[in-house]
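Position in the sequence shown (from 1) plus 401 gives the number in my numbering. Inspection log for the structure reproduced underneath, given as structure tokens.
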Amino acid sequence: MGLEWLRGPTARIGLCFLLVSGLLSSGPAHAAPQPLLAFAARIAGDSARTRIVLDFEEKPEFSIHYIAGPDRVVVDLPATAFGFPADQLAPRGLFKDIRYGTMGEDSARMVLTAIKPVKLVLAETQANENGGYRLVLDAEMTTSEEFAGLVKSQSWAAETPAVAQTVPLEDGSKDNVFVVAVDAGHGGIDAGATASVSKTAEKVITLGFAKLLMGKLNALPGVRAFLTRDDDTFLSLSERVAIARQKHADLFISLHADTLSQKDIRGATVYTLSDKASDRMAENLAARENLSDETAGFTMQSGPPEVADILLDLARRETQAFSIALADNVVKSFEGQVGLINNPHRQAGFQVLRAPDIPSVLLELGFLSNPEDEKLLMDDAWRSKIADLVTGAVDRYRARSLANGG
Ligand SMILES: [Zn+2]
Numbered sequence: 402m403g404l405e406w407l408r409g410p411t412a413r414i415g416l417c418f419l420l421v422s423g424l425l426s427s428g429p430a431h432a433a434p435q436p437l438l439a440f441a442a443r444i445a446g447d448s449a450r451t452r453i454v455l456d457f458e459e460k461p462e463f464s465i466h467y468i469a470g471p472d473r474v475v476v477d478l479p480a481t482a483f484g485f486p487a488d489q490l491a492p493r494g495l496f497k498d499i500r501y502g503t504m505g506e507d508s509a510r511m512v513l514t515a516i517k518p519v520k521l522v523l524a525e526t527q528a529n530e531n532g533g534y535r536l537v538l539d540a541e542m543t544t545s546e547e548f549a550g551l552v553k554s555q556s557w558a559a560e561t562p563a564v565a566q567t568v569p570l571e572d573g574s575k576d577n578v579f580v581v582a583v584d585a586g587h588g589g590i591d592a593g594a595t596a597s598v599s600k601t602a603e604k605v606i607t608l609g610f611a612k613l614l615m616g617k618l619n620a621l622p623g624v625r626a627f628l629t630r631d632d633d634t635f636l637s638l639s640e641r642v643a644i645a646r647q648k649h650a651d652l653f654i655s656l657h658a659d660t661l662s663q664k665d666i667r668g669a670t671v672y673t674l675s676d677k678a679s680d681r682m683a684e685n686l687a688a689r690e691n692l693s694d695e696t697a698g699f700t701m702q703s704g705p706p707e708v709a710d711i712l713l714d715l716a717r718r719e720t721q722a723f724s725i726a727l728a729d730n731v732v733k734s735f736e737g738q739v740g741l742i743n744n745p746h747r748q749a750g751f752q753v754l755r756a757p758d759i760p761s762v763l764l765e766l767g768f769l770s771n772p773e774d775e776k777l778l779m780d781d782a783w784r785s786k787i788a789d790l791v792t793g794a795v796d797r798y799r800a801r802s803l804a805n806g807g
């Protein structure tokens, strides 16, 4: 019944959405619209049929997409403030994971990860008596064949993360300025890990620290630091790398504070890229970090295509050597000052560290699964000390690379 209705209009809305977001994102002078408020939500049902309802003050335009592997329903919305408690949309019934949040300044998204193939038999806005609107989504289990058909039939081009077109290319006049990209991990719909005591989201901690670090780096003469994101926006992993390359970064530092199942493990870790992980913990962590794009409803990309280019290969190897040098500098500056885990320089296949020409490290400031680390991560004095130590390490690294004619 509702399915026929759903296919026509949503395909059109989806196309509209793409056109509109494409137009809006090209103009940097464009003012961010006031977000819609979703002030309440509820979920009911079982593993055969599940209903999700969101209450809005104003009528939301929306579009629906399906993505396979894992099977997901994506609901694209205009800029939306999700003002209801998280437990109102706790996963149940057909959905084992429900995420929602900002995608860009004009858009928000919900990603519903299903336990088995699903289809929406109803997706519509209904007017409430009090003047508000309900967005009602009714999902039913379906066959794998029908789900595959839904994925195939939609005219949706935004399945893989777009490379940031919104970032203007800087002009070539960067002279002798040493440019550092400071990357606050996670953001928007991808909240990252959750602190065990305060329930603070990793994305909040990484952004706070990134701003602090940027300020300290910018106080160094001859250094210019910038943030890949400066608000609660989602960036795909490839966008983060693209932004750093477009701004001619000489270094890329990605900041994280993840959780581990072993709650007693604490301390900072510095990661560099390697296709072969140094250990199981590093491998698991990279696998989880690399899920960021999937969390936001993108299809996973299986690494960059291998280019049989000896120059690129040489560049990669040189970049790798610089990444390791930076990691060693950071570890040295932390020693005796900050708690480090055993073997604090580790390696794994983090997608966000894959710029072939920018030395890149991923810094786990500490683990939000450990209450002692959490206390430190929330402490201004500790954060300031860490930011000073990282700044010192960057400065020494830069002095060394200048001396070597880099
Ligand atoms: Zn993280």
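Backbone N, C-alpha and C fix where the C-beta goes; we use that ideal spot for every residue, glycine too. Just so it is clear, the structure is predicted and the values come from calculations on it, not from any experiment.
Check, Outcome
"Evaluate Gln663 with the Cβ neighbour count: other Cβ atoms within 10 Å of its Cβ, from every protein chain shown; 16 or more gives buried, anything less gives exposed.", "exposed"
"Is any heavy atom of ligand 1 found at a distance shorter than 8 Å from the C-beta of Glu695?", "no"
"Looking only at its chain, what residues have a beta carbon closer than 7 Å to the beta carbon of Leu570, apart from the 5 residues adjacent to it on each side?", "Confidence at Leu570 is low in this model, with a pLDDT of 45, below 50, so its placement is unreliable and no value can be given for it."
"From the DSSP output, which residues share a beta bridge with Gly470?", "DSSP output for Gly470 lists no bridge partner at all."
"When every heavy atom of ligand 1 is checked, does at least one fall within less than 8 Å of the C-beta of Thr634?", "no"
"Would you say the beta carbon of Asp659 comes nearer than 8 Å to a heavy atom of ligand 1?", "yes"
"For Leu803, does the three-state DSSP call read helix, strand or coil?", "helix"
"Do Ala611 and Asn619 have their C-beta atoms closer together than 9 Å?", "no"
"Should Ala596 be labelled buried (16 or more other beta-carbon atoms within 10 Å of its own) or exposed?", "buried"
"Which residue marks the beginning of the alpha helix (DSSP H) containing Phe610, and which one marks its end?", "603 to 619"
"Ignore the nearest five residues each way along the sequence and tell me which others in Gln748's own chain have a CB closer than 8 Å to its CB.", "Tyr672, Thr673, Leu674, Ser675, Lys677, Ala678, Ser679, Ala683"
"Buried or exposed for Glu765, going by 16 or more other Cβ atoms inside 10 Å?", "buried"
"When you compare each of Phe496, Pro461, Glu719 to Asp651 by their alpha carbons, which one comes out closest?", "Glu719"
"Considering Cα atoms alone, identify which of Asp539, Pro471, Ala491 is closest to Ile864.", "Because the chain spans 402 through 807 in this model, residue 864 falls outside it and cannot be assessed."
"What are the boundary residues of the alpha helix (DSSP H) that Gly550 is part of?", "545 to 554"
"Do you know whose CA, among Ala788, Gly668, Leu713, Arg799, lies nearest His746's CA?", "Gly668"
"Which same chain residues end up closer than 6 Å to Ile606 when comparing Cβ atoms and leaving out the 5 residues on each side of it in sequence?", "Ala658, Leu778"
"Starting from Pro745, trace the alpha helix (DSSP H) in both directions and tell me its first and last residue.", "From DSSP, Pro745 is part of no alpha helix (DSSP H) but of the beta strand (DSSP E) over 741 to 749."
"Could you have a look at Arg681 and say whether DSSP puts it in helix, strand or coil?", "helix"
"Expressed to the nearest angstrom, what Euclidean distance is found between the alpha-carbon atoms of Asp789 and Gly550?", "54 Å"
"Within this structure, are the beta carbons of Val753 and Glu690 separated by less than 9 Å?", "yes"
"Kindly indicate which residue of Thr526, Lys604, Thr792, Asn743 has the alpha-carbon position closest to the one of Leu621.", "Thr792"
"Under 8 Å: does the beta carbon of Glu640 sit that close to some heavy atom of ligand 1?", "no"
"Report yes if the C-beta of Thr670 is less than 8 Å from at least one heavy atom of ligand 1; otherwise report no.", "no"
"Identify whether Gln527 lies in helix, strand or coil by the three-state DSSP scheme.", "strand"
"For Gly502, which beta-bridge partners are listed by DSSP?", "Arg510"
"Whose C-beta lies closer than 7 Å to the C-beta of Lys617 among residues of the same chain, with five residues either side of it excluded?", "Ala788, Asp789, Thr792"
"Within its chain, find whatever has a CB closer than 6 Å to the CB of Thr481; leave out the 5 residues flanking it on each side and keep chain order.", "Pro436, Leu437, Ala439, Ala509"
"Among Leu661, Lys733, Gln489, Asp507, whose alpha-carbon lies nearest the alpha-carbon of Leu769?", "Leu661"
"Does the pairing of the stretch 624 to 643 with the stretch 725 to 741 give three or more beta-carbon distances under 8 Å?", "no"
"Given a cut-off of 9 Å, decide if Val454 and His466 are closer than it, judged by their beta-carbon atoms.", "no"
"To which residues of the same chain is Ala441 closer than 6 Å at the C-beta, ignoring the five residues directly before and after it?", "Asp456, Phe485"
"Within 10 angstroms of the Cβ of Gln566, are there 16 or more other Cβ atoms? Answer buried if so, exposed if not.", "Because Gln566 carries a pLDDT of 42, less than 50, the predicted location of this residue cannot be relied on, and the following value inherits that uncertainty. Gln566 should be labelled exposed."
"State buried or exposed for Glu459, treating a residue as buried only when at least 16 other CB atoms are found within 10 Å of its CB.", "exposed"
"Taking the alpha-carbon positions, what's the Tyr501 to Val762 distance?", "28 Å"
"Could you give the distance in angstroms between the alpha-carbon of Pro706 and the alpha-carbon of Asp758?", "Because Pro706 carries a pLDDT of 48, less than 50, the predicted location of this residue cannot be relied on, and the following value inherits that uncertainty. For Pro706 and Asp758, the distance between alpha carbons rounds to 16 Å."
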